[in-house]
Amino acid sequence: MDRDDQGAFVLKPGELARIQSIAYERSGIDLRKGKDQMIAMRIGKHIRSSGLNSVRELLSLLEQDRTGAVLMNMIDALTTNHTHFMREPEHFEFLRKTVFPWMLNQGGLRIWCAASSTGEEPYTILFHLIEHRSGSGPISPMLLQEIEILATDISDRVILQAKRAVYPEDRLNGLPPGWLQRYFRRGEGKWAGHYQVKPAFVSRVRYQKFNLMDAVPASWRFPAIFCRNVMIYFDRPTQANVVCKMANALEPGGYLFVGHSESLNGIDHPLTYVRPAVYRKPDGSEPTPRMSGSQENSR
Ligand SMILES: C[S@@+](CC[C@H](N)C(=O)[O-])C[C@H]1O[C@@H](n2cnc3c(N)ncnc32)[C@H](O)[C@@H]1O
Numbered sequence: 001m002d003r004d005d006q007g008a009f010v011l012k013p014g015e016l017a018r019i020q021s022i023a024y025e026r027s028g029i030d031l032r033k034g035k036d037q038m039i040a041m042r043i044g045k046h047i048r049s050s051g052l053n054s055v056r057e058l059l060s061l062l063e064q065d066r067t068g069a070v071l072m073n074m075i076d077a078l079t080t081n082h083t084h085f086m087r088e089p090e091h092f093e094f095l096r097k098t099v100f101p102w103m104l105n106q107g108g109l110r111i112w113c114a115a116s117s118t119g120e121e122p123y124t125i126l127f128h129l130i131e132h133r134s135g136s137g138p139i140s141p142m143l144l145q146e147i148e149i150l151a152t153d154i155s156d157r158v159i160l161q162a163k164r165a166v167y168p169e170d171r172l173n174g175l176p177p178g179w180l181q182r183y184f185r186r187g188e189g190k191w192a193g194h195y196q197v198k199p200a201f202v203s204r205v206r207y208q209k210f211n212l213m214d215a216v217p218a219s220w221r222f223p224a225i226f227c228r229n230v231m232i233y234f235d236r237p238t239q240a241n242v243v244c245k246m247a248n249a250l251e252p253g254g255y256l257f258v259g260h261s262e263s264l265n266g267i268d269h270p271l272t273y274v275r276p277a278v279y280r281k282p283d284g285s286e287p288t289p290r291m292s293g294s295q296e297n298s299r
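Dropping the structure here:
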């Protein structure tokens with residue numbers, strides 16, 4: 001890796017191609033078009049912060065990487081984990097009005113939050129579920145037992161952060177009134193200015209490392225899946241593959257939530273369009289041709 005006249009890192013074409021192909025093959029992340037400068041900048045930073053000397057050293061570690069840790073750290077450096085509480089609030093309104101009542105009828109308040117990053121998304125889902133069940137009244141342990149949230153991500157680092165569940169105060173500004181007191185405890189000492197999700201709620205979210213490129217365990221069946229703001233990194237064939245896996249993991253009639261900038265338009269998948277960024281698995285009571293987003297187009 002060399003530097004250009006302005007001192008910015010420049011990857012040699014062979015190195016760039018190798019990093020692009022490793023990222024694509026192992027994590028689905030498509031860095032192939034017009035992102036050379038961004039890759040060089042992030043890889044340069046990653047090499048420095050990992051105490052490595054060259055991109056050759058990084059590539060050789062990637063070749064010997066039996067545990068996947070070197071890959072994961074590089075993917076972490078190349079992508080963003082940006083997320084926040086109450087992100088894309090239309091989804092939570094739809095959950096409350098339509099999906100939770102349906103799930104209760106089905107008998108299972110279970111949600112898989114894939115690509116859950118640092119936890120803001122699964123905790124937002126959890127708090128909405130609790131509010132729905134408790135109507136802002138007391139939260140009994142029995143009520144919490146009813147709820148199961150699986151939160152997965154490719155990155156150990158963000159999973160650790162999510163389990164720690166500590167957030168700076170300014171990241172909690174958008175929470176509805178009363179939620180801060182109800183769901184968080186205030187940090188003291190070196191944690192002043194931070195809040196932590198109360199342990200009773202943290203323990204209702206099961207965190208697990210999961211790469212969306214891998215096969216979904218057969219036992220994973222959910223009435224609702226969130227997979228938001230990760231498919232933007234994938235090309236169309238990879239998106240189609242991930243959506244089909246999610247569809248298999250949905251119960252009949254179950255809902256898939258994607259990011260609002262991640263329309264499934266033009267992708268071949270077996271789900272029915274419900275509303276922007278929400279899709280549903282047919283429940284078998286109606287004919288369901290495989291479609292490629294045409295239904296979405298017509299709205
Ligand atoms: C931008 S964040 C989205 C967080 C959250 N879903 C939201 O919408 O706010 C994208 C997350 O996807 C994760 N990710 C990237 N590639 C992945 C893969 N192949 N499998 C699982 N997670 C992945 C990243 O580690 C990151 O935490």
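Residue numbers (my numbering): 1 to 299. Every residue, glycine too, gets a C-beta built ideally from N, C-alpha and C.
Beta carbon of residue i nearer than 9 Å to that of residue j
{"i": "Ile43", "j": "Ala69", "result": "no"}
{"i": "Val302", "j": "Asn248", "result": "No information on residue 302 is available, as it lies outside the stretch 1 to 299 that the chain covers here."}
{"i": "Lys190", "j": "Gly119", "result": "no"}
{"i": "Ala192", "j": "Leu95", "result": "no"}
{"i": "Asn73", "j": "Ser54", "result": "no"}
{"i": "Arg228", "j": "Ala277", "result": "yes"}
{"i": "Glu251", "j": "Met231", "result": "no"}
{"i": "Ile125", "j": "Leu62", "result": "no"}
{"i": "Ser155", "j": "Ile75", "result": "yes"}
{"i": "Phe85", "j": "Leu175", "result": "yes"}
{"i": "Leu144", "j": "Ala200", "result": "yes"}
{"i": "Leu59", "j": "His46", "result": "no"}
{"i": "Glu146", "j": "Arg133", "result": "yes"}
{"i": "Tyr123", "j": "Val205", "result": "yes"}
{"i": "Gln20", "j": "Ile39", "result": "yes"}
{"i": "His260", "j": "Glu88", "result": "yes"}
{"i": "Phe226", "j": "His91", "result": "yes"}
{"i": "Ile130", "j": "Phe222", "result": "no"}
{"i": "Val258", "j": "Tyr233", "result": "no"}
{"i": "Glu15", "j": "Arg56", "result": "yes"}
{"i": "Gly300", "j": "Gln37", "result": "Residue 300 lies beyond the range of the chain shown here (1 to 299); nothing can be said about it."}
{"i": "His194", "j": "Pro177", "result": "no"}
Contact test: residue i Cβ vs ligand 1 heavy atom, cutoff 8 Å
{"i": "Tyr279", "result": "no"}
{"i": "Ala115", "result": "yes"}
{"i": "Val230", "result": "yes"}
{"i": "Glu15", "result": "no"}
{"i": "Ser301", "result": "Any answer about residue 301 is impossible in this case: the structure gives the chain only from 1 up to 299."}
{"i": "Ile335", "result": "Since the displayed the chain opens at 1 and closes at 299, residue 335 lies outside it and no answer follows."}
{"i": "Arg87", "result": "yes"}
{"i": "Ile39", "result": "no"}
{"i": "Leu212", "result": "yes"}
{"i": "Gly174", "result": "no"}
{"i": "Asn241", "result": "no"}
{"i": "Glu251", "result": "no"}
{"i": "Phe226", "result": "yes"}
{"i": "Glu128", "result": "For the record, residue 128 in the displayed sequence is His; it is not Glu. The answer is no for His128."}
{"i": "Glu120", "result": "yes"}
{"i": "Tyr24", "result": "no"}
{"i": "Val158", "result": "yes"}
{"i": "Asn105", "result": "no"}
{"i": "Tyr233", "result": "yes"}
{"i": "Ser261", "result": "no"}
{"i": "Ser21", "result": "no"}
{"i": "Thr98", "result": "no"}
{"i": "Gly187", "result": "no"}
{"i": "Asn81", "result": "yes"}
{"i": "His194", "result": "no"}
{"i": "Asn29", "result": "Looking at the sequence provided, one finds Ile at residue 29 rather than Asn. Yes, ligand 1 has a heavy atom inside 8 Å of this Cβ."}
{"i": "His84", "result": "yes"}
is_contact[residue i, chain C] using C-beta, thresh 9 Å
{"i": "Ala114", "result": "Note that chain C does not occur in the displayed structure, where there is just one protein chain."}
Closer than 8 Å: residue i CB and nearest ligand 3 heavy atom
{"i": "Val197", "result": "In the structure shown, ligand 3 is absent; the only ligands present are ligand 1."}
Exercise for the section: Evaluate the contact criterion for the segment 19-31 versus the segment 202-218: three or more CB pairs, one atom per stretch, below 8 Å. Expected result: For the pair of segments examined, the segment 19-31 was found to touch the segment 202-218: the number of CB pairs separated by less than 8 Å reaches three.
Exercise for the section: Please go through the segment 176-252 and give each complete beta strand (DSSP E) segment of 3 or more residues, from N-terminal end onward. Expected result: Counting only runs of 3 or more, we get 184-186, 194-197, 205-209, 222-227.
Exercise for the section: Kindly confirm or deny that the segment 183-193 and the segment 101-113 touch, where touching means at least three C-beta pairs closer than 8 Å. Expected result: No, the segment 183-193 is not in contact with the segment 101-113.
Problem - Inter-stretch contact (C-beta, 8 Å, three-pair minimum) for the segment 80-92 and the segment 154-172 - result: Output reads yes: the segment 154-172 touches the segment 80-92.
Exercise for the section: Inspect the CB distances between the segment 114-128 and the segment 144-157 and report whether three or more fall short of 8 Å. Expected result: Between the segment 114-128 and the segment 144-157 there are three or more C-beta pairs closer than 8 Å, enough to call the two in contact.
Problem - In chain order, each alpha helix (DSSP H) run of at least 4 residues that lies wholly inside the segment 33-93 - result: Counting whole runs of 4 or more residues, the segment 33-93 contains the alpha helix (DSSP H) stretches 36-49, 55-63, 69-78.
Exercise for the section: Spell out a yes or no on whether the segment 240-247 and the segment 266-273 are touching, meaning 3 or more CB-CB pairs, one atom from each, closer than 8 Å. Expected result: Contact between the segment 240-247 and the segment 266-273 is established, with three or more Cβ pairs separated by less than 8 Å.
Practice task
Please list the segments of the alpha helix (DSSP H) lying wholly inside the segment 99-184, counting only runs of 4 or more residues, in order along the chain.
Solution key: Runs of the alpha helix (DSSP H) inside the segment 99-184: 100-106, 120-134, 141-145, 156-164, 179-183.
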